Amino acid sequence: MLTVFDESVTFHSVLSLDSLPDPLRTHVMWGLSKDFAMSGIRAGTLYTENRELVEALAQLGCFHGIPGTVQHQVAQLLQDRAWIDNEFLPENRRRLKAAHSFLTGELRSMGIPFLDRPAALFVWADLREYLQESSFQEELNLWRCFLRHNVLLSCGQAFSCSTPGWFRIVFADQHLHLGMKRFREALKKNEEKSTSADTSAIKETVDKCKNSPTESDNAAIVNSTSPPDGKSLDQLEERDSPAPDTDLLSAEGLVLLDCQAPKPAESLESLIGTLRNQIRSSDWLEKNTPELSAGEDPEILDVFKALLHRARK
């Protein structure tokens with residue numbers, strides 16, 4: 001909403017439309033993380049006309065409340081409209097536009113296709129050319145190559161991309177120049193390793209055929225992707241991930257798939273049902289009866305009874 005940095009483009013909220021095809025199924029979510037660069041302030045809003053959705057979320061509100069200090073800070077920030085309109089937003093748009101221009105210029109100079117959009121904080125880059133084959137395993141290998149060069153990108157697989165090779169590059173960072181330098185080095189190193197691995201595989205296959213006349217019939221087919229003598233397929237899959245100098249990557253190898261793999265989506269009804277089952281199956285309500293709590297704090301007896309009644313419905 002507030003990250004549109006192109007003056008020729010205007011943001012249009014769905015709430016500004018005169019009519020909606022299905023208002024009860026139209027929901028607007030907004031947070032401070034992107035528009036105000038406040039990722040650490042976990043606060044957001046939901047605008048909806050669906051009362052059932054509001055009631056369902058209200059049952060979870062007590063578990064996800066925003067601290068009072070955070071609410072106060074956000075309120076103070078949003079009340080200062082003059083500073084937001086005259087200082088923050090113009091400067092934020094100027095910086096985003098400059099960073100976007102630099103990043104897209106670098107990608108163009110390297111001949112890398114990308115999706116050019118006049119808003120947001122990142123660019124989708126098409127790096128399929130740098131994959132040995134069109135697979136998400138190769139995408140993960142390229143991601144590891146970037147990681148070894150101190151460049152942390154997001155794989156397309158983490159966002160359910162149907163085609164391997166797309167990466168998300170965030171450009172709203174003051175170290176963008178250094179990041180793009182490392183980006184170039186990582187792609188160059190990945191390409192060199194790929195060429196070296198293919199050349200070595202062909203050379204070893206040819207040498208083996210020369211030394212083994214009885215296998216001359218098989219020498220007619222030279223497959224650059226077949227495993228060299230003495231190497232397993234698992235070892236070849238890691239040819240773009242040379243052994244690091246430290247133990248850092250060995251520890252990362254245990255969590256790479258977890259941090260990039262897409263998480264299965266759960267419906268709101270499923271989450272609420274799970275919560276209800278946990279409440280019913282817990283013995284905490286049985287051990288902490290209203291009679292016991294009445295002797296300790298009579299003022300909360302009515303509240304406790306109401307909660308117990310709702311949980312057992």
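Residue numbers 1 to 313, in UniProt numbering, belong to the letters of the sequence shown in order.
Each residue gets a CB set at the ideal place from its N, CA and C atoms; glycine is no exception.
Since this is a predicted model, take the numbers as computed values, not measurements.
- Between the alpha carbons of Phe136 and Ser162 lies a distance of about 10 Å.
- Spanning the alpha carbons of His100 and Phe114 requires a straight line of approximately 12 Å.
- Residue environment: Phe63 is assigned as exposed (fewer than 16 neighbouring CB atoms within 10 Å of its CB, all protein chains considered).
- Within the UniProt domain "Aminotransferase class I/classII large" (14-172), complete beta strand (DSSP E) segments of at least 3 residues are found at 27-31, 44-48, 122-126 and 166-170, given in chain order.
- Tyr47 has its alpha-carbon roughly 9 Å from the corresponding atom of Thr26.
- Distance from the CA of Phe146 to the CA of Ile112, rounded to the nearest whole angstrom, comes to 16 Å.
- In terms of Cα proximity to Thr45, the closest of Pro21, Asp22, Gln71 and Pro23 is Gln71.
- In the structure shown, the three-state DSSP call for Phe11 is coil.
- Here Phe171 is not near Gly156, since their CB atoms are 9 Å or more apart.
- Each of Arg310, Leu78 and Ala119 was checked against the Cα of Lys97, and the nearest Cα belongs to Ala119.
- For Arg276, the enclosing alpha helix (DSSP H) begins and ends at Leu268 to Ser281.
- Nearest in C-alpha terms to Ser134, of all of Gly165, Arg94, Phe36 and Gly179, is Gly165.
- When DSSP states are grouped into helix, strand and coil, Met1 belongs to the coil group.
- The Cβ atoms of Leu142 and Asn86 lie no closer than 9 Å to each other.
- The Cβ atoms of Ser19 and Met1 do not sit closer than 9 Å to each other.
- By the C-beta density criterion, Gly179 is buried, having at least 16 other C-beta atoms within 10 angstroms.
- The three-state reading of DSSP puts Asp302 in helix, counting H, G and I together.
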